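Step one of this worksheet: look at the structure below.
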Amino acid sequence: MLTIYSVPVAVYCAKLRIMLRHKSIPFEQLPPPGGYGSDEYRAIVPSGNLPAMIHDGFMLSDSEAIAEYLEEAFPEVPMLPNGVKLRAKAREFSRSHDTRLEPAVRAIYPQVAYATRNSDAVQAGGALISKHLSSLALLLNANPLDTDKLWLCDCGFAVTFAWIKAFQDAMSLPVVWPAIVTEYDARLQGFKVVADELAAYRPAMDAYLEKAKPS
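110 is the number that UniProt numbering gives to position 110 of the sequence shown; each next residue is one higher, with no gaps.
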């Protein structure tokens, strides 16, 4: 049995669920006992991170570590390419998401609440996200991976792109999308597992964005 600890709105939990869907790995999903950051949860997952996984008694946290573990434990549907260079390129894409684009998007969350929003911070955040999307465009222009397949490195981008567009709609976040990134987003949504996860995830996004509306 494979158990995932998650909360509805967490980006990295949604990223992991795309992988689980694509690999057809059965799993149960539970909220962290006692709530995120609680002593009760840390007794199970010392880091307190989400998501965390327990697989036949083996505990692991950090979405990227879990993803690479599952890639090796369930190899029937590969999500990393063959060859050391292509695998390194896939990891380069993953790191560009986890260490650059997603943190820039996460920095917008404190500005969602309409009552306390700082318009200068929203403008600066949109400029930083646009900068990282421009860098991603350069990576995509030289992408050596088979674009007919869904790779591990794609899963996080699918969710983060959805948040960027949601922030644009909810709070007029100023973002410039390079054409090749828009095409990449559309291609990812063409995978049924991505579309299914985003559809299931959307209610949690909408609930979070309620506070973006004027009271």
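For every residue, glycine included, the Cβ atom is placed at its ideal position computed from N, Cα and C. What you are looking at is a predicted structure, and each value in this text was computed from that prediction instead of being measured.
THR160 sits away from VAL77, with the two beta carbons spaced by 8 angstroms or more.
In the structure shown, ILE108 adopts coil according to DSSP, grouped into three states. Assignment of MET53 by DSSP, reduced to helix, strand and coil, places it in the strand class. MET171 carries a helical assignment under DSSP once its states are collapsed to helix, strand and coil.
By the neighbour-count criterion, in which a residue is buried when 16 or more other Cβ atoms sit within 10 angstroms of its Cβ, GLY125 is buried. In the same chain as TYR201, and ignoring 5 residues on each side of it, the C-beta atoms closer than 6 angstroms to its own belong to ALA14, in chain order. In the structure shown, the three-state DSSP call for TYR36 is coil.
Between LEU145 and the set LYS165, SER47 and LEU86, the nearest pair of CA atoms involves LEU86.
A check of alpha carbon separations from ALA65 across GLN29, LYS192 and MET19 identifies MET19 as the nearest.
Around the Cβ of PHE58, a 10 Å sphere holds fewer than 16 other Cβ atoms; the residue is exposed. With respect to the C-alpha of LYS211, the residue from THR116, SER172 and SER94 having the closest C-alpha is THR116.
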